[in-house]
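Final position of the sequence shown in numbering that gives the first Met the number 0 is 233; the numbers increase by one with none missing. Each remark here refers to the structure printed beneath this line.
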Amino acid sequence: MTQITDRLDQLRVQIATAAEHAKRQPQSINLLAVSKTRQADELRQAWSAGQRDFGENYLQEALDKIDALSDLDICWHFIGPIQSNKTRPIAENFSWVHSVDRFKVAQRLNDQRPASLPPLNICLQVNISEEASKSGVLPAELTALATEVASLPNIRLRGLMAIPASDADPQRQRAPFAQLNVLLHGLQQQLPNTPLDTLSMGMSGDMEAAILEGATIVRIGTALFGPRDYSQQQ
Ligand SMILES: *Cc1c(COP(=O)(O)O)cnc(C)c1O
């Protein structure tokens with residue numbers, strides 16, 4: 000077995016164990032393989048081991064891999080910062096976008112989504128730790144943004160995404176994830192006709208805490224592919 004196959008097996012066990020602790024069904028948690036900086040053949044190995052959802056941060060790098068792997072039935076997620084003049088290729092090539100934090104971007108994705116494709120699945124990124132340097136909508140502004148985005152016909156608003164301030168303590172990691180869960184429940188009350196079913200939260204260092212607090216998508220890079228090497232990037 001390849002190392003990627005081994006790590007994928009290990010992650011599936013870890014997800015199932017955390018789900019059991021949380022008294023949740025393991026199938027209610029989807030593993031998103033975060034493949035930024037990885038070569039197409041590494042993604043192909045993960046695909047061969049059954050992985051179907053892949054997340055990319057950098058648009059040009061992602062488009063190259065989407066092209067190289069067009070023979071595979073991959074579901075592509077965009078999870079990186081979005082420049083509003085680069086929305087068209089995102090609308091045309093991805094099934095999910097996790098990093099929408101302003102209406103202008105959502106509106107452009109809506110307008111540019113090809114009619115031949117199903118609506119684009121969107122998570123709103125929330126600046127849950129309210130860090131000045133981080134992207135994401137502030138919790139106080141979330142309801143207004145979600146209400147606007149939910150009205151767009153070519154967008155399917157699915158839920159929330161967050162990257163909390165890093166904390167090595169597994170107990171303390173849970174608080175911001177619990178907060179995101181509360182925000183999602185609030186939106187479910189406010190927007191009863193929108194199918195809000197997604198909490199995209201948890202990475203390699205805090206996956207268990209996120210699952211305990213209700214994550215439905217965990218975004219895992221390092222624990223699947225190993226440490227990243229940015230030196231090869233253009
Ligand atoms: C890189 C990245 C991840 C994966 O992080 P790891 O710590 O390598 O698991 C998850 N989410 C986002 C938004 C990322 O940019």
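Don't be surprised by glycine CBs; every beta carbon is placed ideally from N, CA and C.
Taking 8 Å as the limit between beta carbons, can you name the residues of its chain near residue i, skipping five residues before and five after?
i	result
residue 228	36
I'd like the list of long-range same chain contacts for residue i, defined as Cβ closer than 7 Å, with 5 residues on each side in sequence excluded.
i	result
residue 182	125, 138, 141, 159
residue 209	176, 200, 201, 217
residue 57	35, 79
Give me, in chain order, the residues of the same chain whose beta-carbon lies closer than 6 Å to that of residue i; leave out the 5 immediate sequence neighbours on both sides.
i	result
residue 3	44, 45
residue 206	217
Using 10 angstroms around the beta-carbon of residue i, count the other beta-carbons present and answer buried if the total reaches 16, otherwise exposed.
i	result
residue 171	exposed
residue 69	exposed
residue 148	buried
residue 105	buried
residue 169	exposed
Quickly, what does DSSP pair residue i with across the bridge? List them, please.
i	result
residue 124	160
residue 76	54, 95
residue 216	29, 199
residue 3	Paired residue(s): none; residue 3 is not in a bridge.
residue 12	Answer is none; residue 12 lacks a bridge partner.
residue 119	154
Tell whether a beta-carbon distance below 9 Å holds between residue i and residue j.
i	j	result
residue 223	residue 6	yes
residue 211	residue 173	yes
residue 127	residue 195	no
residue 34	residue 49	no
Closer than 8 Å is the cut-off here; do at least three beta carbon pairs connect the segment 93-100 with the segment 66-84?
yes
For the segment 111-124 against the segment 147-154, do three or more pairs of beta-carbon atoms, one drawn from each stretch, fall closer than 8 Å, so that the two count as touching?
yes
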